[in-house]
Amino acid sequence: MPDGTATGEGHKITITDSCAKRIKELREMEGNADLMLRVAISGGGCSGFQYGFSLDDTITDDDL
């Protein structure tokens with residue numbers, strides 16, 4: 003994880019030290035050092051946005 007911050011079109015996500023540590027632990031548990039945190043955000047109607055988190059080792063064209 004480069005510096006804990008990802009940006010794209012003016013948006014920013016900051017990863018805390020605690021979160022980075024947990025991601026590292028999960029990567030070690032899975033035995034795959036290439037896993038990255040994937041964050042997905044979708045509209046949730048009147049309940050607001052819905053957020054999803056997963057680990058993925060594939061980079062796609064629309065990743066930020």
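So the sequence shown is numbered by this note's numbering: it starts at 3 and just counts up by one.
Cβ coordinates follow ideal geometry from the N, Cα and C atoms, glycine included.
Starting from the Cα of Ile61, find the closest Cα among Leu39, His13 and Glu30 and give me that residue. Distance from the Cα of Ile61 is smallest, within the candidate group Leu39, His13 and Glu30, for Leu39.
Indicate whether the contact test is met: 3 or more Cβ pairs, each with one atom in the region 24–39 and one in the region 47–60, closer than 8 Å. Inter-segment contact for the region 24–39 and the region 47–60 is present: three or more beta-carbon pairs are separated by less than 8 Å.
I'd like to know if Glu30 contacts chain D, where contact means its C-beta is closer than 8 Å to some C-beta of that chain. The displayed structure is made up of one protein chain only, and chain D is not part of it.
Own chain, CB closer than 6 Å to Ile25, minus 5 neighbours either side, in chain order: Cβ within range, chain order: Leu39.
From Gly27 to Ile17, what distance separates their C-alpha atoms? A small correction: the amino acid at residue 27 is Glu; Gly does not occupy that position in the sequence shown. Each residue's Cα considered, the two are about 15 Å apart.
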